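Below you'll find the structure, written out as C-alpha cells, and then a few comments.
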Amino acid sequence: MMCRAYDPEENIWILLPPPNIFRREFSIVAFHEQLFVIAGVNNDGESLKNVEVYNPLQNTWMSFPDLPILYYLTRAVILDDKIIVHENYNEGTRYLKVSSPVYWDEGAQIWKIIEESSPWYHVKRYSFLVFDNCRLVKDITAKNRRRWNKWERILPAKLQ
C-alpha cells in the first residue's frame with residue numbers, strides 16, 4: 001500500500017510511510033488534522049475492523065481502537081465534530097438490514113454504537129459532499145440552470 005501527499009509549496013508529491021496493515025476498499029477521513037484509515041478488506045478478502053491514524057506532524061501511523069462492529073462496505077463521515085462509521089449503501093443494498101452505525105467518543109476514547117432513536121442512526125441515508133471551491137460551485141450552478149435541463153419534483157407539492 002502506497003501513500004503520498006501533495007506539497008503545494010514545492011508543487012510535488014511526497015512519499016509517506018504506509019499504514020501498518022495493508023487494506024483495500026477502506027474509508028478515509030480527515031479529523032482534527034489527522035487521517036483516519038477505517039476498516040476495509042485485507043489481501044485474503046477478509047473484512048477488517050481495525051483503524052489506523054496518520055499523524056502528519058510525527059509522520060507516523062498509530063493503531064486506534066478497533067470498531068465494535070464488522071462492516072462489509074465501510075463508510076465514514078464527519079458530522080457534528082464526530083467520526084461516524086456506517087455501512088455504505090448503494091442501490092443494491094439499501095433495503096438490506098445492516099449493522100448500526102458507530103461514532104468515536106473522544107472523551108471516553110471508545111467507539112459507541114448509535115441507538116436507533118438518535119438522528120445520527122440514519123446517517124447512511126444521506127450523502128455528504130463538501131464544496132470548498134467557490135468557482136466549482138458557480139460552475140455547477142450555471143450548468144444546472146441551462147434552459148434545456150429538465151427538472152422534476154421529487155416530493156409532491158403541497159396543495160393549499
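Here the sequence shown stands for residues 1 to 160, numbered as in the UniProt record's numbering.
C-beta: ideal position from N, C-alpha, C; glycine also.
Treat the numbers as computed from the prediction; the structure is a model and nothing was measured.
Residue i burial status per 10 Å Cβ neighbour count (16 or more: buried)
i      : result
Glu87  : buried
Pro65  : exposed
Ala157 : Residue placement at Ala157 is flagged as unreliable, the pLDDT there being 47, under the threshold of 50; a coordinate-derived value is accordingly withheld.
Thr22  : Strictly speaking, residue 22 in this sequence is Phe, with Thr absent from that position. So Phe22 counts as exposed.
Ile12  : exposed
Tyr103 : buried
Glu52  : buried
Tyr71  : buried
Leu79  : exposed
Asn43  : exposed
Contact set for residue i: own chain, Cβ-Cβ below 8 Å, skip 5 residues either direction
i      : result
Cys3   : Leu15, Leu16, Pro17, Pro18, Pro19 and Tyr54
Ile28  : Leu35, Phe36, Val37, Ile38 and Ala76
Leu155 : Residue confidence is low: Leu155 scores 48 on pLDDT, short of 50, so the model does not pin down where it sits. No coordinate-derived value is stated.
Glu25  : Gly40, Val41, Leu73 and Thr74
Nearest-angstrom Cα separation, counted from residue j out to residue i
i      : j      : result
Thr60  : Ala142 : 43 Å
Leu57  : Arg135 : 31 Å
Val85  : Ile110 : 13 Å
Leu73  : Gly40  : 8 Å
Lys97  : Ser118 : 17 Å
Tyr121 : Glu115 : 6 Å
Lys82  : Lys49  : 18 Å
Tyr6   : Ser47  : 29 Å
Leu31  : Glu9   : For clarity, residue 31 is Phe in the given sequence; the question names Leu instead. Cα to Cα, the separation comes out at about 23 Å.
Lys138 : Gly45  : 42 Å
Glu106 : Pro68  : 15 Å
Ala108 : Met1   : 31 Å
Residue-chain proximity (residue i, chain D), Cβ-Cβ < 8 Å
i      : result
Ala142 : No chain D is present in this structure, which holds just one protein chain.
Spatial neighbours of residue i in its chain, beta-carbon cut-off 6 Å, leaving aside the 5 residues before and after
i      : result
Ile113 : Ser100 and Val102
Met62  : Val53
- request: Mind listing, in chain order, the continuous beta strand (DSSP E) runs of no fewer than 3 residues lying wholly within the region 3-74?
  value: Whole beta strand (DSSP E) segments, 3+ residues: 3-7, 12-16, 27-31, 34-41, 47-55 and 60-64.
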